[in-house]
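In what follows, a structure is listed as structure tokens, so that the remarks can point back to it.
Number of protein chains: 2
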Amino acid sequence: MGFLSIRVAIVEDDKQVRENLAHLIGEAAGFECVATFSSGEEALELWPRRRPDVVVMDINLPGISGVECVRQLKSLAPDIHIVMLTVYDDSDRIFRALEMGASGYLLKRSTTEGILQAIEEVHRGGAPMSSYIARKVVQSFRRQGASDKGVENLSKRETDVLEYISRGYTNKEIAEALGLSAETVRGYLKAVYSKLHVRSRTEAAIKFRR
Amino acid sequence: MGFLSIRVAIVEDDKQVRENLAHLIGEAAGFECVATFSSGEEALELWPRRRPDVVVMDINLPGISGVECVRQLKSLAPDIHIVMLTVYDDSDRIFRALEMGASGYLLKRSTTEGILQAIEEVHRGGAPMSSYIARKVVQSFRRQGASDKGVENLSKRETDVLEYISRGYTNKEIAEALGLSAETVRGYLKAVYSKLHVRSRTEAAIKFRR
DNA sequence: GACCTTTACCCCCATTTGGGGGGATACCAT
DNA sequence: ATGGTATCCCCCCAAATGGGGGTAAAGGTC
Chain A
8 MGFLSIRVAI VEDDKQVREN LAHLIGEAAG FECVATFSSG EEALELWPRR RPDVVVMDIN
68 LPGISGVECV RQLKSLAPDI HIVMLTVYDD SDRIFRALEM GASGYLLKRS TTEGILQAIE
128 EVHRGGAPMS SYIARKVVQS FRRQGASDKG VENLSKRETD VLEYISRGYT NKEIAEALGL
188 SAETVRGYLK AVYSKLHVRS RTEAAIKFRR
Chain B
8 MGFLSIRVAI VEDDKQVREN LAHLIGEAAG FECVATFSSG EEALELWPRR RPDVVVMDIN
68 LPGISGVECV RQLKSLAPDI HIVMLTVYDD SDRIFRALEM GASGYLLKRS TTEGILQAIE
128 EVHRGGAPMS SYIARKVVQS FRRQGASDKG VENLSKRETD VLEYISRGYT NKEIAEALGL
188 SAETVRGYLK AVYSKLHVRS RTEAAIKFRR
């Protein structure tokens, strides 16, 4: 060999699934299972001792969710690559996980080769996912692109209000600054929300500041 | 001479003050008064025809405020330098004006030389202001600096909550993501507000994202 | 003239937020 | 052991926010 194995850790609450995976990875050439955790909390506490390259993370964990565990793990160790484990194409949660820093995902029903390929792919910096989810991701980028353009078809007044929002002003303060009634400011704000497809001033402020 | 005069515009609702200023500037060597406006609205509509280098803007205008006029003027013409005109050291509004893009300010009771010096100074890229306000500005930077450090002495949980806030989540959503009660999230949020010296989630999100 | 957008304001109503209090553990350091 | 900090939860209450309606005048544009 001469090559270092990919050091893999597993976070999965189901003992059966966890041990199957660990065995599968441990047996494969070029892979090493350096840790198994039965909860996100355990993983967040104990991962440093084994320094995994890749973490295979169940998306559906008791206690702390897989998505939240990804967020925290990535903030502790940005270089670790994470593959989410799911039973079905749960696009919403996979989405959140990708947003939080996961690199890809694999289905529990995947073949042995599929699983090892996915781990190897994230380790190379790839992003293993089904074409269905890949399309969802692309659609989301389009949505983001569209909403960036959304900022451009706001009216003058709507932009004025949004600029104040992005500086943390309240409606009352904006009304005073622009010499309008607070109700009017609210009216423009509603238009901004609907055009930017957001539901709160904070989301609007974030989008406005790119 | 051979040198171009500094083209000055005045925005001031008091006719007496406006005409005194216009006369003073028009008479001075190296200065030219290219326009006078009696309101912010008028200035925003008509400034392009006269292309001023420097705008002297009353901070206290009827209708649109001087501060708001600064914001809009600077977004229309970022290269124009603006000096605020105030009766007294109204630190709060001067502050807002500087935040919106004004370069400095001068007091209405200033001497002729003081006024011309201030205009010349902003034109050179300077920032004329009293030492009192200058100290306020410095203090504000300290406050900002301190609050940037403030982010660092948030506890783990407080940081968790703030991170979700900066992604536009509601308290309820954060509670669900972190497996906490919504009341608990509120509790952490209160701590975040007091440590960052902000009063709303949007302000907190802005500070968190630098 | 008919149409659209923009500006500006109003109503109701449920939910969320923010400010002010509490508590109860637990752990850590002096 | 005693104080400090962090974690987690609860109460009350006023204000702000967001979603759903609506009106009316002013300005383009086709």
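Top to bottom, those sequences are chains A and B. Here the first sequence is numbered in our numbering, starting from 8 and rising by one per residue. Here the second sequence is numbered in our numbering, starting from 8 and rising by one per residue. Ideal placement from N, C-alpha and C gives every residue a C-beta, glycine not left out.
Residue j beta carbon less than 7 Å from that of residue i
i	j	result
MET136 of chain B	TYR112 of chain B	yes
MET107 of chain B	ILE66 of chain B	no
HIS130 of chain B	ASP86 of chain B	no
VAL158 of chain A	LEU196 of chain A	no
LEU280 of chain A	LYS214 of chain A	Chain A is shown only over 8 to 217; residue 280 of chain A falls outside these bounds and no answer can be derived.
ALA184 of chain A	GLU75 of chain B	yes
MET64 of chain A	VAL18 of chain A	yes
ALA109 of chain A	VAL62 of chain A	no
LEU51 of chain B	GLN79 of chain B	yes
TYR139 of chain B	ASP96 of chain B	yes
ALA198 of chain B	GLU165 of chain B	yes
ARG219 of chain B	SER173 of chain B	Chain B is shown only over 8 to 217; residue 219 of chain B falls outside these bounds and no answer can be derived.
Coarse secondary structure for residue i, derived from DSSP in three states
i	result
SER154 of chain B	Confidence at SER154 of chain B is low in this model, with a pLDDT of 49, below 50, so its placement is unreliable and no value can be given for it.
ARG193 of chain B	helix
SER173 of chain B	coil
LEU203 of chain A	helix
LEU185 of chain A	helix
ASN178 of chain A	helix
ARG216 of chain B	coil
LYS163 of chain B	helix
Classification of residue i by the beta-carbon crowding that lies within 10 angstroms, buried from 16 upward
i	result
HIS88 of chain A	buried
ARG58 of chain A	exposed
VAL94 of chain A	exposed
SER82 of chain B	exposed
GLU128 of chain A	buried
ARG206 of chain B	exposed
ALA35 of chain A	buried
GLY37 of chain B	exposed
ARG56 of chain A	exposed
ARG116 of chain A	exposed
GLY132 of chain A	exposed
GLY33 of chain A	exposed
Check: residue i C-beta below 6 Å from any heavy atom of the ligand GTP
i	result
SER173 of chain B	The ligand GTP is not among the ligands present in this structure, which contains no ligands whatsoever.
Mind the definition here: the region 26-35 of chain B touches the region 120-130 of chain B only if three or more C-beta pairs lie below 8 Å; say whether that holds. yes
Is it true that the region 204-214 of chain A meets the region 33-51 of chain B, where meeting means three or more beta-carbon pairs spaced less than 8 Å apart? no
With three or more beta-carbon pairs closer than 8 Å as the criterion, would you say the region 42-56 of chain A touches the region 65-72 of chain A? yes
Segments of 3+ residues assigned as beta strand (DSSP E) that fall wholly inside the region 89-136 of chain B: 111-114
At 4 residues or longer, what runs of the alpha helix (DSSP H) sit wholly inside the region 9-89 of chain A? 22-34, 47-57, 73-83
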